[in-house]
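This report refers to the structure that appears directly beneath it.
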Amino acid sequence: AQSVTQPDIHITVSEGASLELRCNYSYGATPYLFWYVQSPGQGLQLLLKYFSGDTLVQGIKGFEAEFKRSQSSFNLRKPSVHWSDAAEYFCAVGPSIYNQGGKLIFGQGTELSVKP
Amino acid sequence: NAGVTQTPKFQVLKTGQSMTLQCAQDMNHNSMYWYRQDPGMGLRLIYYSASEGTTDKGEVPNGYNVSRLNKREFSLRLESAAPSQTSVYFCASSRNQGDYGYTFGSGTRLTVV
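Chains as they are written, first to last, in our numbering: chain A, 1 to 116; chain B, 1001 to 1113.
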C-alpha cells in the first residue's frame, strides 16, 4: 500500500539555524510529491511540489526540497529559520495525473518549534 | 477572498446527535474532498467528489455521509456522532481530480462528548 512517513514528530531549532524535515514514501511508480504547512488554527497551504525534472525544487517562504529516488525521500530544507516558520509540516504523495482516481496521501506531520 | 469556506468553526455534540458540516468554494473547482486530522495520524480522506454529481469513499468513510449539493458545495453529515469522531475536519477543493493544487478551508473542530 502507498504510504508516507515523516520520522520526526517534533523538531526544535534555533532562529537562524538551518532546517531539514524528513519525508520517505512508499509508492510503486514515480509519485508526485508535495510539502504543505499548517499554521495554528489554519488550513494547509502548499509550500512546493515536485512532478518531474530538476530534483531540487524551490517553494514559497524560502523553502526547498530535494527528490532522491534512490532513497525514496523528499526532504524539506531551509537555510535559515525564522520564528514565523513555527508550524506543522506535512509531506504528501499522489500518483501521476495519468493514473485515474489519484488522491493525495499525507504523512503524519512534523511540528516545528523555533527557539529565539 | 476567494477560497474554501467551512462552517461551523467549532462544534460540541453529544453522543448520538447528528450534524452537517458545510463547505463551499468559489473557485469553480470540480473536485472537493473531506479530510479528518487527528494527532499523529496526519490527514485521512473521508469522502471525495471528483465532479458535481459524483461522490466516492476515501480511507475512513464509516459513520459519515456526504452530499455534493452543486458545484460549489460539498457537505459532510454525521448521522449519529460518536466520541471517535472527535477531530478536526478539513474541506479542500481542486480544479480537477489529479490536480494536486488543493485549496484547504480553515477547518471545523468537532468534539463529541
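Glycine included, C-beta positions come from ideal geometry on N, C-alpha and C.
**CA-to-CA distance, residue 89 of chain A to residue 1071 of chain B, given in whole angstroms** = Counting from 1 along the second sequence, the entry for residue 1071 of chain B is found at position 71. Counting from 1 along the first sequence, the entry for residue 89 of chain A is found at position 89. Each residue's alpha carbon lies about 30 Å from the other.
**Message:** Using 8 Å as the cut-off, can you tell me whether the segment 104–114 of chain A makes contact with the segment 3–20 of chain A, which would need three or more C-beta pairs spanning the two stretches below that distance?
**Reply:** yes
**Message:** Measuring only the C-alpha atoms, how far is residue 1100 of chain B from residue 36 of chain A?
**Reply:** Along the second sequence, read from residue 1 onward, the residue named residue 1100 of chain B stands at position 100. Along the first sequence, read from residue 1 onward, the residue named residue 36 of chain A stands at position 36. Those two C-alpha atoms are separated by around 11 Å.
**Prompt:** residue 1042 of chain B: which of A/57, A/79, A/7, A/68 sits nearest, CA to CA?
**Reply:** Numbered from its first residue, the second sequence carries residue 1042 of chain B at position 42. Nearest option by C-alpha distance: A/7.
**Message:** Within 10 Å of its beta-carbon, does residue 52 of chain A have 16 or more other beta-carbons around it, so buried, or fewer, so exposed?
**Reply:** Your numbering for residue 52 of chain A matches position 52 in the first sequence. It counts as exposed.
**Request:** Just the chain A side, please: which residues come within less than 8 Å of residue 1051 of chain B by C-beta, in chain order?
**Result:** Counted from its first residue, the second sequence places residue 1051 of chain B at position 51. Simply none; closest approach about 13 Å.
**Request:** Name, going along the chain, the residues of the segment 26–48 of chain A whose beta-carbon falls closer than 9 Å to a beta-carbon of chain B.
**Result:** 32, 34, 36, 38, 41, 42, 43, 44, 45, 46
**Per-residue DSSP class, three states only, for residue 1009 of chain B** = Sequence index remark: in the second sequence, residue 1009 of chain B carries index 9 (1-based). In the structure shown, residue 1009 of chain B sits in coil (DSSP, three-state: anything other than H, G, I, E or B).
**Asked** From residue 100 of chain A to residue 1096 of chain B, what does the alpha carbon distance come to, in whole angstroms?
**Response** Start at 1 with the first residue of the first sequence, and residue 100 of chain A comes out as number 100. Start at 1 with the first residue of the second sequence, and residue 1096 of chain B comes out as number 96. The pLDDT assigned to residue 100 of chain A is 48, lower than 50, so where the model puts this residue is not dependable; a value taken from the coordinates is nonetheless given after this. Cα-Cα distance, rounded: 11 Å.
**Request:** Pick helix, strand or coil for residue 1072 of chain B, following the three-state DSSP scheme.
**Result:** Residue numbering aside, residue 1072 of chain B sits at position 72 when the second sequence is read from its first letter. In the structure shown, residue 1072 of chain B sits in coil (DSSP, three-state: anything other than H, G, I, E or B).
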